[in-house]
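Residue numbers (our numbering), protein chains in the order written: chain A, 136 to 280; chain B, 229 to 447. Backbone N, C-alpha and C fix where the C-beta goes; we use that ideal spot for every residue, glycine too.
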Amino acid sequence: MNVVVMGCGRVGARVASILDNNGHRVTVIDTNATAFRRLSPQFGGDTVLGTGIDEDVLKSAGIKRADAFIAVTNGDNRNIMAGQVARVMFDVRDVIIRIYDPVREDTYRRLGFSTVCPTTTVSALIIDQVIGATDSYRRPEAKEA
Amino acid sequence: MYIIVVGGGKVGYYLTKTLLNDRHEVLLIERDRDKVETYSERFGSVVLQGDGAEAAVLASAGAARADVLIAVTGEDEDNLVICQMAKHKFHIGKTIARVNNPKNEQLFKLLDTDVTVSQTNYILGLIEQAIPDRAFIHLLNLRHADLAIIEATITAESPVANKTIGEIDLPVACVIAAIARQADVIVPNPDTEILPDDEIIAVTHRTEEDELRRLLIVE
């Protein structure tokens with residue numbers, strides 16, 4: 136599988152390193168060259184310097200033949216926009232977007248994106264450890280609806 | 229009309245000022261506390277501190293009853309998400325996004341923003357008009373009709389010089405709207421002759437702009 140990962144923080148570097156180790160073709164994008172140091176020493180994929188909301192940067196990262204695009208920078212809005220560029224402009228099959236804000240995550244999940252919200256996921260895991268599984272998945276925003 | 233403006237830079241500031249002068253109900257959302265304080269002193273209580281992409285901020289801004297939301301921050305990704313949240317979470321009828329990088333204009337149009345304003349392209353267009361010796365200038369896009377207004381300067385070498393409008397084989401979806409000749413503006417009829425140094429203003433379908441260019445000027 137051809138995978139493009141935007142954002143080489145702890146999560147991005149780890150995801151990229153594992154996928155690469157599992158035999159996938161991985162390209163990592165980051166605006167900061169020193170971020171690539173987080174990749175495992177055995178990482179055999181490509182790195183591209185730039186921002187993933189720029190079509191030209193995505194093209195040089197091989198977005199046209201990518202099967203999956205993973206947006207894991209620190210900026211929710213940047214991840215959301217890059218994910219939409221990948222899906223709308225380049226027809227990437229699997230687009231996974233990390234969104235910290237649970238309300239935004241809910242909105243874009245409803246719009247059909249594969250989203251990951253660390254805030255709700257981590258909170259649930261913590262609550263689960265504290266008081267058990269019964270209370271853990273009642274998200275606060277679910278009450279609003 | 230109730231209008232929410234997100235982003236209190238220069239554009240957001242003057243936009244808010246103008247809309248208030250036009251007696252609209254306006255709320256400006258800005259993240260920076262110092263700016264919010266300054267603007268509140270000038271505008272009164274129409275400034276809200278917060279991140280316009282946050283649903284809670286939009287909710288307390290009364291987004292559900294807003295007619296228009298205008299996102300004019302300096303970051304394209306923020307403007308896009310703000311407009312999409314306004315549309316999908318609060319069902320605001322009309323969203324307008326400022327596009328800072330002209331490369332993003334196509335994406336914004338494909339997505340949910342109703343109107344995009346690319347000031348970079350706009351300024352480029354103005355500069356183009358100001359550069360002398362440009363024979364064919366794209367003046368304006370009429371986006372909903374897919375029409376463009378152009379200006380062409382005729383030279384002695386132009387294929388249409390010294391011909392009448394009736395003699396020119398114009399593309400089907402083109403109309404010559406006016407001819408500026410020295411100090412005069414002529415509304416042409418089929419017998420009007422086109423002379424060197426005339427400036428022609430034409431309305432054309434955008435698909436025929438290139439054909440019109442080839443017809444009017446020698447490149």
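Below-7 Å beta-carbon distance, residue i vs any chain B residue
| i | result |
| --- | --- |
| A:Arg213 | yes |
| A:Glu279 | For A:Glu279, the predicted structure reports a pLDDT of 48, less than 50, and the residue's modelled location is therefore unreliable. The matter cannot be settled from this model. |
| A:Val139 | no |
| A:Met216 | yes |
| A:Val146 | no |
| A:Ile188 | yes |
| A:Val238 | yes |
| A:Thr182 | no |
| A:Thr256 | no |
| A:Val124 | Outside the modelled stretch of chain A, which goes from 136 to 280, sits residue 124 of chain A, for which no answer is possible. |
| A:Val223 | yes |
| A:Thr250 | no |
| A:Thr242 | yes |
Other residues of its chain near residue i: CB distance less than 7 Å, five sequence neighbours each side excluded
| i | result |
| --- | --- |
| A:Gly180 | Ala151, Asp155, Arg160, Val161, Thr162 and Val163 |
| A:Phe248 | Gly218, Val230 and Ile232 |
| B:Lys263 | Gly236 |
| B:Ser268 | Val275 |
Reference residue i, options the options, closest by Cα
| i | options | result |
| --- | --- | --- |
| A:Pro176 | A:Gly197, A:Asp202, A:Ile198 and A:Arg149 | A:Arg149 |
| B:Ser273 | B:Leu255, B:Asp426, B:Ala283 and B:Lys263 | B:Leu255 |
| B:Ala195 | B:Asp262, B:Ile320, B:Lys263 and B:Leu338 | The question about residue 195 of chain B has no answer here: the residues shown for chain B are numbered 229 through 447. |
| B:Gly353 | B:Leu339, B:Lys317, B:Asn369 and B:Asp342 | B:Asn369 |
| A:Glu190 | A:Asp226, A:Asp263 and A:Ile262 | A:Asp226 |
| B:Pro418 | B:Glu427, B:Pro424, B:Ala411 and B:Ile407 | B:Ile407 |
| B:Thr244 | B:Phe364, B:Val275 and B:Glu265 | B:Val275 |
| B:Ala384 | B:Glu269, B:Gln277 and B:Val446 | B:Val446 |
| A:Lys136 | A:Gly144, A:Pro253, A:Ile198 and A:Tyr235 | A small correction: the amino acid at residue 136 of chain A is Met; Lys does not occupy that position in the sequence shown. Residue A:Ile198 is the option with its Cα nearest to A:Met136. |
| A:Ile153 | A:Leu260, A:Phe178, A:Phe171 and A:Gly144 | A:Phe178 |
| A:Leu184 | A:Leu174, A:Arg173 and A:Thr169 | A:Thr169 |
| B:Arg270 | B:His252, B:Gly278, B:Leu248 and B:Ala287 | B:Leu248 |
| B:Gln312 | A:Met224, A:Asn212 and A:Val223 | A:Asn212 |
| B:Val415 | B:Leu443, B:His433, B:Arg434 and B:Ile393 | B:Ile393 |
| B:Ser386 | B:Val431, B:Leu440, B:Gln410 and B:Lys337 | B:Leu440 |
| B:His433 | B:Ala373, B:Asp412, B:Lys337 and B:Gln347 | B:Ala373 |
For residue j and residue i, believed in contact at Cβ under 8 Å, the rounded distance
| i | j | result |
| --- | --- | --- |
| B:Thr239 | B:Arg326 | With the sequence shown as reference, residue 239 of chain B is identified as Val, and Thr is not the correct amino acid for it. Going by Cβ atoms, the distance from B:Val239 to B:Arg326 rounds to 6 Å, so yes, they are a contact pair. |
| A:Val207 | A:Gly147 | 4 Å |
| B:Tyr242 | B:Asp295 | Not really, about 20 Å apart at Cβ, beyond 8 Å. |
| B:Ile324 | B:Val345 | 7 Å |
| A:Ala203 | A:Val138 | 5 Å |
| A:Met294 | B:Asp425 | Since the first residue shown for chain A is 136 and the last is 280, residue 294 of chain A is missing from the structure and cannot be characterised. |
| B:Ala382 | B:Ile422 | The question names Ala, but residue 382 of chain B is Ile in the sequence shown. About 6 Å separates the two Cβ atoms, so the contact holds. |
| A:Met141 | A:Gly210 | A:Met141 to A:Gly210, Cβ: 10 Å. No contact. |
| B:Leu367 | B:Glu379 | 5 Å |
| B:Ala405 | B:Glu436 | Not a contact, Cβ separation roughly 15 Å. |
| A:Tyr235 | A:Thr256 | So it is not a contact: roughly 11 Å between Cβ atoms. |
| A:Met224 | B:Leu335 | 6 Å |
| B:Ile377 | B:Val431 | 6 Å |
Chain A within 7 Å of residue i, Cβ atoms only
| i | result |
| --- | --- |
| B:Ala291 | no |
| B:Asp279 | no |
| B:Lys212 | Not covered by the structure: residue 212 of chain B. The range shown for chain B is 229 to 447. |
| B:Glu305 | yes |
| B:Val285 | no |
| B:Val233 | no |
| B:Gly240 | no |
| B:Val309 | yes |
| B:Leu338 | yes |
| B:Leu297 | no |
| B:Leu335 | yes |
Residue i beta carbon near the ligand NAD (any heavy atom closer than 6 Å)
| i | result |
| --- | --- |
| A:Ile188 | In the structure on display, the ligand NAD does not appear, and there are no ligands present to speak of. |
Own chain residues within Cβ distance below 6 Å of residue i, not counting five before or after
| i | result |
| --- | --- |
| A:Arg233 | Val207, Asn214 and Val251 |
| B:Ala283 | Lys317 |
| B:Val300 | Gly235, Val239, Gly240 and Arg326 |
| B:Glu265 | none |
| B:Ile298 | Val233 and Ile324 |
| B:Arg259 | Asp279 |
| A:Thr182 | Val163 and Phe171 |
Own chain, CB closer than 8 Å to residue i, minus 5 neighbours either side, in chain order
| i | result |
| --- | --- |
| B:Lys331 | none |
| B:Asp340 | Cys311, Gln312, Lys315, His316 and Thr323 |
| A:Arg145 | Arg173 |
| B:Val285 | Ile257, Leu276, Gly278 and Asp279 |
Ordered list of alpha helix (DSSP H) runs contained in the region 205-270 of chain A, each at least 4 residues: 211-219, 237-245 and 253-266
Kindly provide the ranges of any alpha helix (DSSP H) runs that are 4 or more residues long and lie completely inside the region 271-354 of chain B, ordered along the chain. 283-288, 304-316 and 333-338
Curious, which full-length beta strand (DSSP E) runs of at least 3 residues does the region 371-438 of chain B contain? 375-381, 402-409, 412-414 and 427-433
Extract the residue ranges of the beta strand (DSSP E) inside the region 168-204 of chain A, only unbroken runs of 3 or more that lie entirely within it. 181-184
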